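Single-structure report; data block below.
Protein chains: 2
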Amino acid sequence: MRIGELAAQAGTTTRTLRYYESRGLLPARRDAHGYRTYDERDLKLLRQIRTLQDFGFDLEETRPFVECLRAGHPEGDSCPASLAVYRRKLDELDALIGELRAVRAQVGAQLARAERARNELAADALVPGGPEPRCELGGQER
Amino acid sequence: MRIGELAAQAGTTTRTLRYYESRGLLPARRDAHGYRTYDERDLKLLRQIRTLQDFGFDLEETRPFVECLRAGHPEGDSCPASLAVYRRKLDELDALIGELRAVRAQVGAQLARAERARNELAADALVPGGPEPRCELGGQER
DNA sequence: CGTTGCCTTGACGCCCACGTCAAGCCGTAC
DNA sequence: GTACGGCTTGACGTGGGCGTCAAGGCAACG
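Right under this line is the structure:
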């Protein structure tokens, strides 16, 4: 199997595969013409990398999984180093989700406050002597 | 107030202020020597930008808030365009948090499955004829 | 007079996972 | 012959928000 076919099988690009090779993550054999050659095991390695990438793992974080597979283990996560990466990632995800929820709460509170302020201004404008300050409270000046 | 002092007041750097100016976000007056000059209103604009940046807003997303303040409104979020950015950000945050929670669940499930597999292998190794396959199930080969 | 410290513009570096283009080789189909 | 598709290496581009020099101007202090 050559690089184009492997890329197609894994739903990625030849550029990506060459990049992985440059990072030492997915080295390739060469045929008589210098073309890269891959087999089914490479496809399995590649799929492992892609799955983790889709989860948001850095490329370096996929390395233990790849090495685990290459060492002959049935799954990329059959090795302690891979499990350690899983656990670290879970911690990172929990931390990130926590931060994002805090931000979401803050932004939501700001929106609510700003909308309340606008409504109070609109109410003020209706009471005293007709709409005058206006700002751009929802309509255009003619 | 010159650029160094404004940066210090806002807890940022001169490089950042020049960058904002290059983006047209925080233009500066110049004194006789060509030095950038700022006042308290610029500090308020800058604080608005920094707050939103801390929330994870893109620089471009802070523009409506800055323009709103410069238009004379009491708060950066006193204008409809700012509220629209808030709402869009809330949607983005909700979507992102949802994705991260899904990923977290997947990674957690993978970790649980992998740990279960390792325990089963360890149990198998204890039953038949003594520990032989071993892998690297927690110990070293001497 | 020199040193220090603030300011100026310009430009390259960084990070990360590639995209994209260039120039050229190889084999096959027409 | 030549057009085409796939492969090779090399190298520059992307995005965002700056960091980090480089080379020089201006003012105040001693």
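Line order of the protein sequences matches chains G and D. To convert, note that position 129 of the first sequence is 129 in full-length UniProt numbering; the numbers rise steadily by one, no gaps. To convert, note that position 55 of the second sequence is 55 in full-length UniProt numbering; the numbers rise steadily by one, no gaps. Beta carbons are placed, not taken as given, at the ideal position from N, Cα and C, and that holds for glycine. Here the structure is a predicted model, which means the values were calculated and not measured.
Quick check on this structure: which residue in the options has the alpha carbon closest to the alpha carbon of residue i?
i: Glu5 of chain D; options: D:Asp39, D:Gln48, D:Glu61; result: D:Asp39
i: Glu61 of chain G; options: G:Ile97, G:Ala81, G:Ile3, G:Leu100; result: G:Ala81
i: Arg113 of chain D; options: G:Ala114, G:Arg113, G:Glu75; result: G:Glu75
i: Arg18 of chain D; options: D:Arg41, D:Leu52, D:His33, D:Leu46; result: D:Leu46
i: Gly108 of chain G; options: D:Leu26, D:Thr16, D:Asp94; result: D:Asp94
i: Asp31 of chain D; options: D:Thr16, D:Thr51, D:Gln53, D:Arg2; result: D:Arg2
i: Leu101 of chain G; options: D:Tyr35, D:Thr51, D:Gly56; result: The sequence given here has Arg at residue 101 of chain G, not Leu. Measuring from the Cα of Arg101 of chain G, the nearest candidate turns out to be D:Gly56.
i: Ala117 of chain G; options: D:Arg88, D:Lys89, D:Cys79, D:Ile97; result: D:Cys79
i: Pro27 of chain D; options: D:Leu111, D:Val66, D:Glu99; result: D:Val66
i: Tyr86 of chain G; options: D:Ala84, D:Ile97, D:Val103; result: D:Val103
i: Tyr35 of chain D; options: D:Asp91, D:Cys68, D:Glu120, D:Thr14; result: D:Thr14
i: Thr12 of chain G; options: G:Leu25, G:Arg70, G:Ile49; result: G:Ile49
i: Gly72 of chain D; options: D:Ser22, D:Glu21, D:Gln106, D:Lys44; result: D:Lys44
i: Ala10 of chain G; options: G:Arg70, G:Gly98, G:Asp42; result: G:Asp42
Answer with yes or no whether the minimum CB distance from residue i to chain D is below 9 angstroms.
i: Ile3 of chain G; result: no
i: Ala117 of chain G; result: yes
i: Arg104 of chain G; result: yes
Does residue i come within less than 9 angstroms of chain G when only Cβ atoms are used?
i: Arg63 of chain D; result: no
i: Gly11 of chain D; result: no
i: Gln140 of chain D; result: Annotation note: pLDDT 42 at Gln140 of chain D (below 50); position unreliable, coordinate value reported separately. So no, Gln140 of chain D is outside the interface.
Run down chain D in chain order and give the residues with a C-beta less than 8 angstroms from the C-beta of residue i.
i: Val107 of chain G; result: Phe55, Tyr86, Lys89, Leu90, Leu93
i: Gln110 of chain G; result: Asp77, Tyr86
i: Ala114 of chain G; result: Glu75, Asp77, Ser78, Ser82, Leu83, Tyr86
What three-state label does DSSP hand residue i in the structure shown?
i: Thr12 of chain D; result: coil
i: Arg23 of chain G; result: coil
i: Ala7 of chain D; result: helix
Listing by chain order, which chain D residues have their CB less than 9 angstroms from the CB of residue i?
i: Leu100 of chain G; result: Gly56, Leu93, Leu96, Ile97, Leu100
Note down, in chain order, every chain G residue with its Cβ under 9 angstroms from the Cβ of residue i.
i: Ala28 of chain D; result: Result: empty, since nearest Cβ-Cβ is about 27 angstroms, beyond 9 angstroms.
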